[in-house]
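In what follows, a single structure is set out as structure tokens and then discussed.
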Amino acid sequence: MTSDTVDPTLPEGVERRPIDGVDRLATRGEPVYGEPTDGEWRAWDPSRSKLGAMLEVGMDTGLEGGEVVLYLGAASGTTVSHVADFAGPTYAVEFAPRPTRDLLSVAESRPRLFPLLKDARRPATYAHVVEADVDVLIQDVATRGQATVANRNRQFLADDGRLLLAVKARSEDVTADPEAVFEDVKATLEREYEILEATRLEPHHDDHLAVVACPRVD
Amino acid sequence: MTDTGWFEADGATASIRAGSAESPASWPRLAVDRGVVPDEDAYYDALHEATVAAARAAVESAEQADDRQLIHAIRALDDCRRTANELAERLAEWGGTVDPDAGTGVAYARTLLETEADLSGPAADRVHSLAERVVALEDEADALEAHVDRQAPIVAPNLAALAGPQLAARLISLAGGLESLAKKPSGTVQVLGAEEALFAHLRGHASSPKHGVIFTHEAVRGTRMADRGSAARALAGKLAIAARIDHYSGDRRPELEAEFADRLETIRARATAEDDGSSPADDTESDGHTEGDTHGGGQ
Chain A
235 MTSDTVDPTL
245 PEGVERRPID
255 GVDRLATRGE
265 PVYGEPTDGE
275 WRAWDPSRSK
285 LGAMLEVGMD
295 TGLEGGEVVL
305 YLGAASGTTV
315 SHVADFAGPT
325 YAVEFAPRPT
335 RDLLSVAESR
345 PRLFPLLKDA
355 RRPATYAHVV
365 EADVDVLIQD
375 VATRGQATVA
385 NRNRQFLADD
395 GRLLLAVKAR
405 SEDVTADPEA
415 VFEDVKATLE
425 REYEILEATR
435 LEPHHDDHLA
445 VVACPRVD
Chain B
303 MTDTGWFEAD
313 GATASIRAGS
323 AESPASWPRL
333 AVDRGVVPDE
343 DAYYDALHEA
353 TVAAARAAVE
363 SAEQADDRQL
373 IHAIRALDDC
383 RRTANELAER
393 LAEWGGTVDP
403 DAGTGVAYAR
413 TLLETEADLS
423 GPAADRVHSL
433 AERVVALEDE
443 ADALEAHVDR
453 QAPIVAPNLA
463 ALAGPQLAAR
473 LISLAGGLES
483 LAKKPSGTVQ
493 VLGAEEALFA
503 HLRGHASSPK
513 HGVIFTHEAV
523 RGTRMADRGS
533 AARALAGKLA
543 IAARIDHYSG
553 DRRPELEAEF
563 ADRLETIRAR
573 ATAEDDGSSP
583 ADDTESDGHT
593 EGDTHGGGQ
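Listed in order, the protein sequences are those of chains A and B.
What the first sequence shows, in the numbering used here, is residues 235 to 452, in sequence order.
What the second sequence shows, in the numbering used here, is residues 303 to 601, in sequence order.
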């Protein structure tokens, strides 16, 4: 085993480790999508994961490890698998049945990952399952009205919790200038949240904005 | 009901799938307080088991509305229409010998039943009964059509949005499934349903077909003859991508329709540009296919 680089912006359980000769983000867990591994560590590819890219570009996500997480837009579980590796109880909401099948096999080896085939635009359909006051709300949904989805799910987040949001410009409006889309999204978001940091995710993801925010407590 | 968690209803799986609450609560603590589980660890174990079971059940029921079912439905629809028309022809011919007001087609079958035409001769009952079969088959075809319109967007949301539900179902049927459609190059998608013309071309008897079943799409049919090949090629390119997203990812990408609308506008602008005598701007064959690859991977 090589010595680990301590990086203050990385949560406990996420490390930068040399895998296949390159320093890469990695978590400990069962491999799920053919990613390169080194012992029990498996590489977290920032170009396949918006949250991975947020850590890679050095955003202050406030993640420490062991948090209760609500993840919206889990898809086939690529990112969620890494989150469940370092976080505590993780609720993973996904709307499409086909990717949920893959998400199920990710959940199989992760006893604190809870897959939910639900529509993130309708929180009432999972509020009887997802607990109140989660520490982190992570959202990566490719639907119109991404800020509204985040606002509606504010009710799950603890007052001192964090929202980690990836906004895809093309999901809002294909023809509009991404910057204009991002301004609109931020304005809507500010009804419920205070934005701490917002960064584009190039070169890992084109036309995506990553936002770190905390709930407005009035 | 606001304060009732998933664990308080009968049948944890059903409760997770169908239940709801106005707002979340501290479910792990409540479950312990209410004596449902001894501690939070046990709560999370039970939650894991229940959510996995619920998601699995939901995925399975969603996938029963799958591409195989859609293929049966669209083929049954075509069979019903074709048979109804065939029988209607027979009916018109036969009816003409006993009914002075005989018309043609399915419409005649309906008229015959509605007017309760007083037919004469020993065959009258049989002609009347045949008309009933024709109308019943046509009604079944209509019901199947409504069924396909509902199911295709569930099975293949992007493909159905771009092609319309029925063309989407026909493409899946011709390819033999959503997965095999997703694996076809766009040149093959372009000529699906034109196999006869394609093989004539491959034997060297004919030019390559410009389109197969996608001819029924307004973007192809509504484009002037000279530009139909381009329209068909552009449409097939987007349909191939839509099928891949539907099969491999399943999420909805409305931008595909917008991109295709843009491309079609450019293609159709050629006609206007020629009328003006100017050369059309910005009209490269950006979809990257030439006539030569229309038979790539054809079966």
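Ideal placement from N, C-alpha and C gives every residue a C-beta, glycine not left out.
These numbers come from a predicted model, not from an experiment.
- Scanning its chain for C-beta atoms nearer than 8 Å, with the 5 sequence neighbours on each side dropped, one finds around B:Arg-435 the residues Leu-389, in chain order.
- For chain B, the residues of the segment 388-405 of chain A that bring a beta carbon within less than 9 Å of one of its beta carbons are Gln-389, Phe-390, Arg-404 and Ser-405, in chain order.
- The alpha carbon of B:Asp-305 has as its nearest neighbour, out of B:Ser-325, B:Ala-316, B:Gly-313 and B:Ser-317, the alpha carbon of B:Ser-325.
- Contact of B:Pro-330 with chain A by beta-carbon distance below 7 Å involves Glu-365.
- In this structure, DSSP gives A:His-439 a state outside helix and strand, which the three-state scheme calls coil.
- Secondary-structure assignment with DSSP links A:Pro-349 through a beta bridge to A:Ala-326.
- For A:Ala-410, the closest Cβ of chain B is not nearer than 8 Å.
- Residues of the same chain with a CB within less than 6 Å of the CB of A:Arg-344, apart from the 5 flanking positions on each side, are Ala-318 in chain order.
- Taking the CA atoms as reference points, B:Val-339 sits about 33 Å from A:Asp-374.
- With three or more CB-CB distances shorter than 8 Å, the segment 558-574 of chain B counts as touching the segment 519-527 of chain B.
- Counting only the Cα atoms, B:Asp-369 lies some 6 Å from B:Leu-480.
- For a Cβ distance threshold of 7 Å, nothing in chain A lies close to B:Val-522: the least Cβ distance comes to about 23 Å.
- When DSSP states are grouped into helix, strand and coil, B:Asp-368 belongs to the coil group.
- Residues of the segment 436-465 of chain B that bring their beta carbon within less than 7 Å of a beta carbon in chain A are absent altogether.
- The beta carbons of B:His-549 and B:Ala-454 sit about 14 Å from each other, so the pair does not count as a contact at 8 Å.
- At least one C-beta of chain B is nearer than 8 Å to the C-beta of A:Phe-348.
- Taking a 10 Å sphere around the C-beta of A:Ala-330, we find 16 or more other C-beta atoms and assign the residue as buried.
- Exclusion of the five residues before and after A:Pro-323 leaves Val-302 and Arg-346 as the residues of its chain whose Cβ lies within less than 6 Å of its Cβ.
- Classified as buried, B:Tyr-345 has 16 or more neighbouring CB atoms from the shown chains inside 10 Å of its CB.
- Look at B:Glu-395: its C-beta is not under 8 Å from any C-beta on chain A.
- For A:Pro-333, the enclosing alpha helix (DSSP H) covers residues 331-342.
- Listed in chain order, the non-local C-beta contacts of A:Lys-352 below 6 Å within the same chain comprise Val-327, Thr-359 and Tyr-360, local neighbours out to five positions each way being set aside.
- In the DSSP annotation of this structure, A:Val-317 is not part of any beta strand (DSSP E); the continuous alpha helix (DSSP H) holding it starts and ends at 312-320.
- Taking the Cα positions, B:Gly-397 is about 15 Å away from B:Asn-387.
- Excluding five sequence positions before and after A:Leu-337, the CB atoms of its chain that fall closer than 8 Å to its own CB belong to Ala-308, Ala-309, Ser-310, Gly-311, Val-314, Ala-326, Glu-328 and Pro-349, given in chain order.
- In the three-state scheme derived from DSSP, where H, G and I count as helix and E and B as strand, A:Gly-395 is classed as strand.
- Listed by position along chain B, the residues whose Cβ is nearer than 7 Å to that of A:Pro-323 are Tyr-346.
- Residues of chain B whose Cβ lies closer than 8 Å to the Cβ of A:Pro-345 are, in chain order, Tyr-346, Asp-347 and His-350.
- Between the alpha carbons of B:Leu-504 and B:Val-515 lies a distance of about 19 Å.
- Secondary structure of B:Trp-396 (DSSP, three-state): helix.
- In summary, A:Ser-281 is exposed, with fewer than 16 beta-carbon neighbours lying within 10 Å of its beta-carbon over all protein chains present.
- Note on the segment 247-288 of chain A: whole beta strand (DSSP E) runs with a minimum of 3 residues are 248-253, 256-262 and 275-277, in chain order.
- At a Cβ-Cβ threshold of 8 Å, A:Leu-423 and A:Asn-387 do not count as neighbours.
- A straight line joining the alpha-carbon of A:Arg-258 with that of A:Pro-265 spans about 15 Å.
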